[in-house]
Amino acid sequence: MTRRITRTLGQAAAFVALVFLLVFIADYQYKVLPNSLHTFSPTHHAGTVVTDIKIAFCSKTNPFSTCRLDPEKWHRIEKDLFLHTGWTRSAWLHVKRKREEELTEDDKIVVGVRVGRLDPGVGESGQGGERWESRDGGLWLLRSSKKKDSDSERVVTAVDVLFGTDAVDPRPGWTLAQMPLLLNAGESVQVARLSTRHGQPKAEVKTPVPRVNKGGKFKVLQLSDAHLATGIGVCRDAIGPKNEPSTNCEADVRTLEFIETILDDEKPDLVVLSGDQVEGPQSPDTQSTLFKLAAPLIERQIPFAAIFGNHDDEGSYSLSREAQMSLMQTLPYSLSRPGPESVDGVGNYYVEVLAQSLSQHSALTLYLLDTHGLTPDERHYKGYDWLKDNQISWFRSTAQGLKKEHAKYSHIHLDMAFIHIPLPEYSEKGLVTAGGQWKEGVTAPTFNSHFYDALVEEGIVAVGCGHDHVNDYCALRPQDPQGENGKLGPWMCYAGGSGFGGYAGYGGFHRRTRIRDCLYAASGQHYVLAGARDKIKGQGLVDSLVSEGVRSESIGAIQINVDSADSISTAAKVLEGKFGRLDYAGIYNTNVLGAAVTTEAFLSLLRKSTRPGGKKILFVSSGTSSLSTALALDSVIPAHMHPIYRSSKTAKNMVMAGFATLLKDEGFMAVLVSVAQT
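If you're matching positions, the sequence shown starts at 1 in full-length UniProt numbering and goes up one per residue.
What follows is the structure, given as structure tokens:
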């Protein structure tokens, strides 16, 4: 009986499976299932399919010519195919679309798009008698009446237009036609090229999560002032390897080659596009221009975050900042965001870089803010616009709101900021500069909204800008004796111009970018010890901190009575058994003991020297080791910064003094040198 039931159930299951298979085959060929069920198919296109494509030409001299096909049936792509260069005519691409469930027996769907003068079907074997249909502009369409094709990878689901022989389409699933539309627009007009998407939209690339790598490093590349155009662009102030003027120069080709070389050589973990990606007046199609810059980043799977400069939306036909940001948000690996609508500008946001491994703690925060464009009040404040009060308030509240979470990170959390137009403080006299050159005047706003003060108060270590192409220095504002103790301002750095479509000159300037290497301990954690006379109280403090979010593996308690030599000795032995070292010891072994022991070991050889002018021993110290400098109220680097390293260099100074006194009568000279202010 049991066998009979089992056999019957098996036969029934096989029959049901056969029925489903037959229905599936029939639906695949003829779409027999109702649309209400068909929309649940995994191959169903959630959006629309394209049923026809046409170009509408119209005369600008005819006031009755709208150049728009029936809007009830056709969607117009809002790009003049002549890029607004035609005095008497314009042309617009129109696409007819339908939802898959709304297709009728009479509808045909586009499954192929070609551009050319000849029928692409000549010599090809089509499917079921399919033939290519001709449209204006050298456009050829292959359309199918088979219902099954609406769910296939053949069907065209989206159409776009990009411009320029150097155009690219980095969007997943999109294919850019190599042959431009045949419009007879003239050589001065950038060619129009169709880009199509076949089949279902590809799965969206998830927003990447920047993270410190396993080696404890994170590299940020600041790329500023690319000044790309629609098309290959025109070089400005380009020079060759020997500083000779470059006469045969295609701006965007050279800019992108330079950028790709930097990306391949430096392999950054994140790229900040800090404004003027687009040379607005030379970019009648902003989308084509932005895609050229995004393509090498997407190809290399490098996350990027962008803000705007004063030129990005400056052209007569430029996309607005809002539209550009929306476009960038759709691209893979983009971290770009518009920011709060209640805050002035587009692109006020922050990016968190997480710590190593699987940690969810932030190791680095990058704040990005929109510095707008030209001044809104030329009469009173000439030049450029400034950061607004509500932007500064947003920055303050955001930074303060993140501090509690950042405190849970076992390393020193870093904060950086990026803007396009420099702050007024960049131009102050008496700045301490390091690296790079200050070749041109600082074109900062003449009105100071004091964003710099907010950066100081929130502990920003560096702020990067662009705008002034041939400046690439970093500067530190000397500490204000009247200011709050310890509040040393952030490094103010320029990126330097990267694009050959932007100005350079000033005696010759090679395009460049700025790299910021953020280094963290390779072990991935610090260990904090809470010392207490009473071990129970010490552990209670640890438990309290853990309950507030501090990781238990990064903190512990140790019993120690600083009034007792035995207690200190016991605590040291406990630490040695647990860690095997102390950070102080490692630095002192290198900078002090290493120098002393090495000098002692080589003294016998040094004494045999017959060098004219006497014998010299050079000790590499640091300008930060001076006690008088450290204690001075106006010191650029106050005493509390880097105490372990600096005290080791101070100790080395004493080692030098000892050898100088000891060996003076033997004709030796012991000398301190500081190769840089470290």
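From the three backbone atoms N, C-alpha and C, an ideal C-beta is built for every residue, glycine too.
Nearest-angstrom Cα separation, counted from residue j out to residue i
i, j, result
"serine 498", "alanine 238", "11 angstroms"
"glutamine 400", "asparagine 390", "15 angstroms"
"valine 155", "histidine 198", "5 angstroms"
"threonine 446", "lysine 388", "13 angstroms"
"leucine 37", "glutamate 101", "Low confidence applies here, because leucine 37 scores a pLDDT of 38, under 50, leaving its location unreliable; read the following figure in that light. Straight-line Cα distance between these residues: approximately 10 angstroms."
"lysine 439", "histidine 510", "12 angstroms"
"glutamine 190", "isoleucine 412", "51 angstroms"
"serine 427", "valine 278", "26 angstroms"
"phenylalanine 500", "threonine 443", "20 angstroms"
"serine 647", "serine 628", "13 angstroms"
"arginine 193", "leucine 162", "5 angstroms"
"threonine 650", "threonine 598", "18 angstroms"
"valine 432", "histidine 469", "20 angstroms"
"isoleucine 5", "glutamine 11", "10 angstroms"
"serine 359", "tyrosine 520", "14 angstroms"
"serine 150", "isoleucine 109", "7 angstroms"
"serine 449", "leucine 672", "44 angstroms"
"serine 397", "tyrosine 494", "26 angstroms"
"threonine 196", "histidine 311", "30 angstroms"
"leucine 331", "lysine 202", "12 angstroms"
"isoleucine 515", "aspartate 566", "50 angstroms"
"residue 707", "aspartate 472", "In the structure as shown, the chain starts at 1 and stops at 678, and residue 707 therefore has no counterpart that could be examined."
"phenylalanine 218", "lysine 664", "48 angstroms"
"serine 362", "glutamine 437", "33 angstroms"
"glycine 623", "leucine 662", "24 angstroms"
"lysine 267", "leucine 414", "21 angstroms"
"valine 122", "leucine 103", "29 angstroms"
Per-residue DSSP class, three states only, for residue i
i, result
"glutamine 190", "coil"
"glutamine 277", "coil"
"alanine 434", "strand"
"glycine 383", "coil"
"isoleucine 560", "coil"
"residue 686", "Past the boundaries of the shown model lies residue 686; the chain is included only from 1 to 678, so the question cannot be answered."
"alanine 203", "coil"
"phenylalanine 447", "coil"
"valine 655", "helix"
"threonine 196", "strand"
"proline 120", "coil"
"threonine 570", "helix"
"valine 343", "coil"
"aspartate 106", "coil"
Run of the alpha helix (DSSP H) containing residue i, from where it starts to where it stops
i, result
"arginine 321", "321-329"
"tyrosine 452", "451-457"
"leucine 519", "Element bounds for leucine 519: not the alpha helix (DSSP H) but the beta strand (DSSP E), 514-519."
"threonine 51", "Looking at the DSSP string, threonine 51 is not in any alpha helix (DSSP H); the run it does join, the beta strand (DSSP E), is 48-59."
"leucine 293", "286-299"
"phenylalanine 218", "Phenylalanine 218 -> not in any alpha helix (DSSP H); beta strand (DSSP E) instead, spanning 217-223."
"valine 671", "From DSSP, valine 671 is part of no alpha helix (DSSP H) but of the beta strand (DSSP E) over 668-673."
"phenylalanine 602", "594-607"
Range of the contiguous beta strand (DSSP E) that encloses residue i
i, result
"valine 463", "462-465"
"isoleucine 307", "304-307"
"residue 707", "Outside the shown range of the chain (1 to 678) lies residue 707, about which nothing can therefore be said."
"valine 253", "Taken as a continuous stretch (DSSP letters only), valine 253 belongs to no beta strand (DSSP E), being part of the alpha helix (DSSP H) at 251-266."
"serine 144", "139-144"
"threonine 175", "174-176"
"serine 362", "362-368"
"residue 719", "Lying outside 1 to 678, the shown extent of the chain, residue 719 is not represented and no answer is given."
Neighbourhood of residue i by C-beta distance below 6 angstroms, restricted to the same chain and skipping five residues each side
i, result
"alanine 670", "Ile617, Met656, Phe659 and Ala660"
"isoleucine 421", "Thr371, Tyr384 and His467"
"cysteine 249", "Cys235 and Ala238"
Nonlocal neighbours in the same chain, by C-beta distance under 8 angstroms from residue i, ignoring five residues either side
i, result
"proline 241", "none"
"valine 351", "Pro210, Leu270, Ala305, Leu335, Thr365, Leu366 and Leu368"
"serine 326", "Pro338"
"valine 234", "Ala251, Gln282 and Gly501"
"threonine 66", "Cys58"
Same chain, Cβ closer than 7 angstroms to residue i, neighbours up to 5 away in sequence not counted
i, result
"proline 284", "Leu83, His84, Thr230, Gly315 and Tyr317"
"leucine 297", "Val271, Phe304 and Tyr333"
"phenylalanine 40", "Below a pLDDT of 50, predicted positions are generally treated as unreliable, and phenylalanine 40, at 32, falls in that range; no measurement from the model is reported."
"tryptophan 394", "Pro340, Val343 and Asn348"
"glycine 430", "Pro478"
### Query
For the segment 377-388 against the segment 216-226, are there 3 or more C-beta pairs whose distance is under 8 angstroms?
With the cut-off at 8 angstroms, the segment 377-388 and the segment 216-226 do not touch.
### Message
Contact between the segment 131-144 and the segment 178-194 is defined here as three or more beta-carbon pairs at a separation below 8 angstroms; is this criterion met?
### Response
Segments in contact, yes.
### Query
On the three-pair Cβ rule with 8 angstroms, is the segment 530-540 touching the segment 256-276?
In short, these stretches do not touch, since the Cβ pair count stays below three.
### Query
Between the segment 63-71 and the segment 112-121, do at least 3 Cβ pairs fall closer than 8 angstroms?
Contact between the segment 63-71 and the segment 112-121 is absent, because fewer than three Cβ pairs lie under 8 angstroms.
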